[in-house]
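Written below as structure tokens is the structure these notes are about.
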Amino acid sequence: MKMKQVMAASLAAVMALAMTACGSDSSSNNSSSNDTTESKGTLIMATNAEFPPYEYHEGDAIVGIDAEIAQAIADKLGYELQIEDMAFESIIPAVTSGKASFGMAGMTIDEDRLLSVDFSDSYATGVQVVIVKEGSDITSVDDLFAEGANHTIGVQTGTTGDIYATGDIEEAGLGTIERFSKGADAVLALTQDKIDCVIIDNAPAKEFVAANEGLTILDSAYAEEDYAICFAKGSELTAEVNGALQELIADGTVQSIIDKYITAE
Ligand code: ARG
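Dropping the structure here:
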């Protein structure tokens with residue numbers, strides 16, 4: 046299956062090159078994505094590799110669902126892919142300043158973000174969930190908004206969990222938000238009783254709960270979301286990358302990458 050994908054990607058790259066040959070102004074001719082075609086250049090993906098299974102460190106490499114989908118897109122279009130790890134809240138600035146070609150980080154399509162970036166089609170869904178210690182007095186998401194509630198809630202800085210909790214809870218006088226640079230650090234603080242719960246996406250939540258004793262995810266969800274790739278507003282890359290993404294969704298590649306990392310229950 047790997048082999049087939051590589052061959053399909055090479056073929057697509059040849060076709061993409063043939064179709065865009067006149068428009069291509071690539072400066073990079075010292076590297077090639079495969080034996081038959083020259084690379085069109087390098088796509089720089091901005092991410093925050095603290096978000097398993099979408100992106101995380103494995104030895105020196107950054108791996109995960111987003112890393113694999115991005116590589117498949119780059120292969121299909123005939124680009125090299127370079128992944129840059131940074132703080133989550135630095136991703137959009139990296140994209141809008143042109144330091145990165147796109148941002149891909151399990152990033153939710155959000156009204157405020159749409160003011161500064163464009164998004165691709167969505168390639169996955171996420172759910173904001175609440176992690177608590179087993180036996181916590183927080184037994185449903187509604188407990189966080191109950192009259193007189195006063196919890197300390199951990200989030201990863203700049204994520205939708207942060208944005209929602211800041212508006213719904215902190216600004217409503219119903220608790221305090223503690224912001225961490227990594228979701229794993231928020232979970233660590235929870236295990237140490239420094240905070241009462243963590244609001245984070247369901248896929249990393251499951252991994253963090255599996256890796257730590259005594260934690261559980263509330264049954265009720267906080268919010269449902271769509272993940273997409275972000276681009277500088279008006280970038281010509283948006284249509285090109287989105288076209289490749291749409292093909293990879295249509296031919297089942299995206300789903301098979303997701304299934305490789307997330308086992309359906
Ligand atoms: N889906 C959430 C958001 O868009 C969290 C994403 C966090 N991703 C990461 N790679 N740390 O805000």
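Going by our numbering, the first residue of the sequence shown is number 46, and it counts up by one from there.
Think of the CB as a built atom: it goes at the ideal place given N, C-alpha and C, for glycine as much as any other residue.
None of these values were measured; they are calculated from a predicted model.
Can residue i and residue j be called in contact, C-beta distance under 8 Å?
| i | j | result |
| --- | --- | --- |
| residue 220 | residue 196 | yes |
| residue 210 | residue 200 | yes |
| residue 229 | residue 253 | yes |
| residue 302 | residue 110 | yes |
| residue 89 | residue 116 | no |
| residue 147 | residue 274 | yes |
| residue 270 | residue 171 | yes |
| residue 141 | residue 165 | no |
| residue 144 | residue 289 | no |
| residue 124 | residue 178 | no |
| residue 96 | residue 203 | no |
| residue 87 | residue 107 | no |
| residue 214 | residue 198 | yes |
| residue 100 | residue 150 | yes |
| residue 188 | residue 280 | no |
| residue 154 | residue 206 | no |
| residue 98 | residue 248 | yes |
| residue 183 | residue 299 | no |
| residue 314 | residue 265 | Since the first residue shown for the chain is 46 and the last is 310, residue 314 is missing from the structure and cannot be characterised. |
What are the start and end residues of the alpha helix (DSSP H) that includes residue i?
| i | result |
| --- | --- |
| residue 293 | 282-295 |
| residue 305 | 298-306 |
| residue 121 | 110-122 |
| residue 156 | 156-159 |
| residue 232 | 228-236 |
| residue 139 | 136-141 |
For residue i, tell me which candidate among the options has the shortest Cα-Cα distance.
| i | options | result |
| --- | --- | --- |
| residue 240 | 102, 176, 140, 264 | 176 |
| residue 250 | 289, 306, 142, 173 | 173 |
| residue 277 | 136, 291, 248, 124 | 136 |
| residue 246 | 124, 226, 267 | 267 |
| residue 180 | 155, 263, 208, 244 | 263 |
| residue 119 | 297, 272, 226, 282 | 282 |
| residue 130 | 156, 123, 183, 103 | 103 |
| residue 242 | 226, 222, 258, 153 | 222 |
| residue 156 | 304, 300, 298, 272 | 272 |
| residue 257 | 94, 248, 114, 235 | 235 |
| residue 105 | 261, 114, 298, 94 | 94 |
| residue 233 | 260, 216, 212 | 260 |
Can you name the start and end residues of the beta strand (DSSP E) that residue i belongs to?
| i | result |
| --- | --- |
| residue 206 | Looking at the DSSP string, residue 206 is not in any beta strand (DSSP E); the run it does join, the alpha helix (DSSP H), is 205-210. |
| residue 149 | Premise fails: residue 149 is in no beta strand (DSSP E) and is neither H nor E. |
| residue 162 | 162-178 |
| residue 86 | Here residue 86 belongs to no beta strand (DSSP E), and DSSP marks it neither H nor E. |
| residue 221 | 220-225 |
| residue 104 | Residue 104 -> no beta strand (DSSP E), and no H or E assigned at all. |
| residue 200 | 196-201 |
| residue 130 | 125-130 |
| field | Ranges of the beta strand (DSSP E) found wholly within the stretch 240-278, counting only runs of at least 3 | value | If we require 3 residues or more, the beta strand (DSSP E) runs fully inside the stretch 240-278 come out as 242-246, 260-262, 268-277.
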